[in-house]
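Here the structure comes first, spelled out in C-alpha cells, and everything after it is commentary.
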Amino acid sequence: AQSVTQPDIHITVSEGASLELRCNYSYGATPYLFWYVQSPGQGLQLLLKYFSGDTLVQGIKGFEAEFKRSQSSFNLRKPSVHWSDAAEYFCAGGNTGGFKTIFGAGTRLFVKA
Amino acid sequence: ETGVTQSPTHLIKTRGQQVTLRCSSQSGHNTVSWYQQALGQGPQFIFQYYREEENGRGNFPPRFSGLQFPNYSSELNVNALELDDSALYLCASSLASGGAGELFFGEGSRLTVL
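Protein chains in written order, with our numbering: chain D, 249 to 361; chain P, 736 to 849.
Here it is in C-alpha cells:
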C-alpha cells in the first residue's frame, strides 16, 4: 500500500542551528513528493515539491529537500532555523495514476532561543 | 487571485446531528479535495471532486458525502455525527485532478461533536 512516514513526532532545535526533518515513502513507482507547513490554526502551505529531474529541490523560506530513491526518502533541510519556523511539517506523496495526495503524520518543530 | 475560503470556521454539534461545510476554491481551479485532520494527526483524504463528479474516495463511510457546483465550489456533508468526527476539516483546490498537483488549502472548519 502507498504510504508516507515521518518517523519524528517532534523535534526541538536552537535558533540558528540546522534542521533536517525525515520522510520515507512507499510507492510502486516514484511518486510526486511534497512538503507542507501548517502554522497553528492555519491551513497547509506548500514549501516545495519534487516531480522529476534534479534530486535536490529548493523551496520557499530557505528550505530544501533531497530525493533519494535508494533510501525511499525525501528529507527536508534548512541551514539556519528562525523562531518563525516553529510549526507542523507534513510530507506528502501522490502520483498521476491515483486520485489523492497521502500525508504523513507530521513533525512538530519547536525552536528554542 | 482569491484563495481557498471555508465556512464556517468553527462549529459545535451534538451526536446524531448533521453538518454542512462549505468551500470556495481558488480561482481557475476545477478540482476540490476534502481532508479530515484529527488532533495531532496528518490530514486524511475523504474524497475529491473534479468537474462536479466524485473522482475518488478515501476510507470514510457513506454518511460523509459531498457536492461540487458549476462554479467549482464544494460542500461536505456529514450525517449522524459521531464523537470521533470532531476534527479540522480542510478543503484544498488544485489545477489537476488526481494526486500529482499542488494543493491549495483553506484554513479549515473546526468541528466539535459533543
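Just so it is clear, CB atoms sit at the ideal spot from N, CA and C, and this is done for glycine as well.
- Query: For D:THR309, is the classification buried or exposed, using 16 other Cβ atoms within 10 angstroms of its Cβ as the cut-off for buried?
  - Reply: The displayed chain sequence assigns Lys, not Thr, to residue 309 of chain D. Classification of D:LYS309: exposed, given that the 10 Å Cβ count is below 16.
- Just the chain D side, please: which residues come within less than 8 Å of P:GLY793 by C-beta, in chain order? LYS348
- Any contact of the region 332 to 341 of chain D with the region 281 to 298 of chain D, i.e. 3+ C-beta pairs under 8 Å? yes
- D:ARG317 (DSSP reduced to helix, strand or coil): helix
- Query: CB P:VAL813 to CB P:PHE795, shorter than 7 Å?
  - Reply: no
- Item | Beta carbon of D:PHE351 nearer than 7 Å to that of D:ALA340 | yes
- Examine the Cβ distances between the region 751 to 765 of chain P and the region 303 to 323 of chain D and report whether three or more of them are shorter than 8 Å. no
- Query: Got a sec, what are the start and stop residues for the beta strand (DSSP E) P:GLY791 sits in?
  - Reply: 788 to 792
- Query: Any C-beta of chain P sitting closer than 7 Å to the C-beta of D:LEU324?
  - Reply: no
- Task: Go ahead and label P:SER844 buried or exposed: buried means 16 or more other beta carbons lie within 10 angstroms of its beta carbon, across all protein chains shown.
- Result: buried
- Query: Which residues in the same chain as D:ALA361 place their Cβ atom closer than 8 Å to its Cβ, once the five residues preceding and following it in sequence are excluded?
  - Reply: SER262, GLU263 and TRP331
- Query: Going by the CB atoms, is the gap between P:GLN803 and P:VAL767 shorter than 7 Å?
  - Reply: yes
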